[in-house]
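S.K.: Adding 12 to a residue's 1-based position in the sequence shown gives its number in this note's numbering. Think of the CB as a built atom: it goes at the ideal place given N, C-alpha and C, for glycine as much as any other residue. Shown below is the structure under consideration.
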Amino acid sequence: MLRYVFPAIILACLWLPVPAHAIVSIGQAMLGPVKNGLHTNIELAINGVSGTTTSNNTLGGLFSEWKHGKYTDFLLLQYAYGQSNGQINNNRAFMHLRHRMQISDRWGVEAFAQAMRDPVTRMIARNLLGGGVRYTLLERSDKAAAYLGFGAFYEYERLSAKVGTTDPLNTRLWRNNTYLVLKRQLNEHLSVYSVTYYQPALSDMGNYRVLENAAGSLKLYKNLNLKLSAGVYYDSRPPQGVKRTYVLYSTGITVDF
Numbered sequence: 013m014l015r016y017v018f019p020a021i022i023l024a025c026l027w028l029p030v031p032a033h034a035i036v037s038i039g040q041a042m043l044g045p046v047k048n049g050l051h052t053n054i055e056l057a058i059n060g061v062s063g064t065t066t067s068n069n070t071l072g073g074l075f076s077e078w079k080h081g082k083y084t085d086f087l088l089l090q091y092a093y094g095q096s097n098g099q100i101n102n103n104r105a106f107m108h109l110r111h112r113m114q115i116s117d118r119w120g121v122e123a124f125a126q127a128m129r130d131p132v133t134r135m136i137a138r139n140l141l142g143g144g145v146r147y148t149l150l151e152r153s154d155k156a157a158a159y160l161g162f163g164a165f166y167e168y169e170r171l172s173a174k175v176g177t178t179d180p181l182n183t184r185l186w187r188n189n190t191y192l193v194l195k196r197q198l199n200e201h202l203s204v205y206s207v208t209y210y211q212p213a214l215s216d217m218g219n220y221r222v223l224e225n226a227a228g229s230l231k232l233y234k235n236l237n238l239k240l241s242a243g244v245y246y247d248s249r250p251p252q253g254v255k256r257t258y259v260l261y262s263t264g265i266t267v268d269f
């Protein structure tokens, strides 16, 4: 069954016609149990965003994972920049840092911090700090993996002022964070993964976000890979003047170290 479910998820996300921003994927970690040591992945891609505006730009990213005994730390950095008619239409930056301690074969405890900006969606800053637990549903070395995470985070968001809007420029709240990670190695050259998040505000369950990020990686030569990815982002209560749904898509090259 997994043989067909994972490709279906990837294809569905890559061909979704709806408009996402702020897609964060913690699914880039290596498939199966991670070996001790430092593992790094660098990405350079052509990135597209559709929603409030439609733009094509350059995306650069770094994912680094360090496994030391029962502890795993990883860092994800991304930066996207683009211009249209001589004007900057994208200047998005993102950083995510996570620490995990494995307490049994199935259970792990996590803590994370994140900072980002996305002027296209009026977001001057969105900073959060949180934690939770991760349960291993499935883990077959070099074949397939599935993880389910539960937790919460405290979020601070600062928006830019815009004529005609009345929403608060600074907000602080707690959100639940539930995620599902699915990974599959289809053959020796092709792997896919999907990460889905559900993040409702604890004070108002009608205020929630749903994020989906899916990608396929094709090995070209040794540690050189072609990566296709797409993400869908839905916010039930976005800033005024910003659409509820966005799509982020990219095609690029990654190098593993």
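Report the three-state DSSP secondary structure of Ala34 (helix, strand or coil).
M.R.: Residue placement at Ala34 is flagged as unreliable, the pLDDT there being 44, under the threshold of 50; the coordinate-derived value follows with that caveat. Coil.
S.K.: Counting Cβ pairs closer than 8 Å, one from the stretch 146 to 160 and one from the stretch 171 to 189, do we hit at least three?
M.R.: no
S.K.: Under a three-way DSSP split, which group does Thr70 fall into?
M.R.: The answer is strand: DSSP assigns Thr70 an E or B state.
S.K.: In the DSSP assignment, find the unbroken beta strand (DSSP E) run with Gln211 in it and report its ends.
M.R.: Leu202 to Ala213
S.K.: Just the Cα atoms here: how many angstroms apart are His106 and Gln90?
M.R.: Position check: residue 106 holds Phe in this sequence, whereas His was assumed. Rounded to the nearest angstrom, the two C-alpha atoms are 5 Å apart.
S.K.: Val193 by DSSP, collapsed to three states: which one?
M.R.: In the structure shown, Val193 sits in a strand (DSSP, three-state: E or B).
S.K.: Which value, in whole angstroms, describes the spacing of the CA atoms of Met42 and Thr263?
M.R.: Because Met42 sits at a pLDDT of 49, beneath the cut-off of 50, its placement in the model cannot be relied upon, and the following sentence gives the value as read from the coordinates. Between Met42 and Thr263, the C-alpha separation is close to 20 Å.
S.K.: Just the Cα atoms here: how many angstroms apart are Leu50 and Ser172?
M.R.: 38 Å
S.K.: Alpha carbon to alpha carbon, what distance is there between Met217 and Gln126?
M.R.: 22 Å
S.K.: Which of the three DSSP states, helix, strand or coil, is assigned to Arg133?
M.R.: Note that residue 133 is Thr in the sequence shown here, rather than Arg. The DSSP-derived three-state label of Thr133 is helix.
S.K.: Classify Arg288 as helix, strand or coil using the three-state DSSP reduction.
M.R.: Outside the modelled stretch of the chain, which goes from 13 to 269, sits residue 288, for which no answer is possible.
S.K.: Whole angstroms are fine: how far does the CA of Lys255 sit from the CA of His33?
M.R.: Confidence at His33 is low in this model, with a pLDDT of 41, below 50, so the placement of that residue should be treated as unreliable; the coordinate-derived value is given next. The straight-line gap from Cα to Cα measures roughly 11 Å.
S.K.: Would you give the residue range spanned by the beta strand (DSSP E) that Asp268 belongs to?
M.R.: Thr257 to Asp268
S.K.: In angstroms, rounded to a whole number, what distance separates the CA positions of Asn69 and Leu240?
M.R.: 15 Å
S.K.: Distance check for Tyr191 and Leu185, CA to CA, integer angstroms please.
M.R.: Cα to Cα, the separation comes out at about 19 Å.
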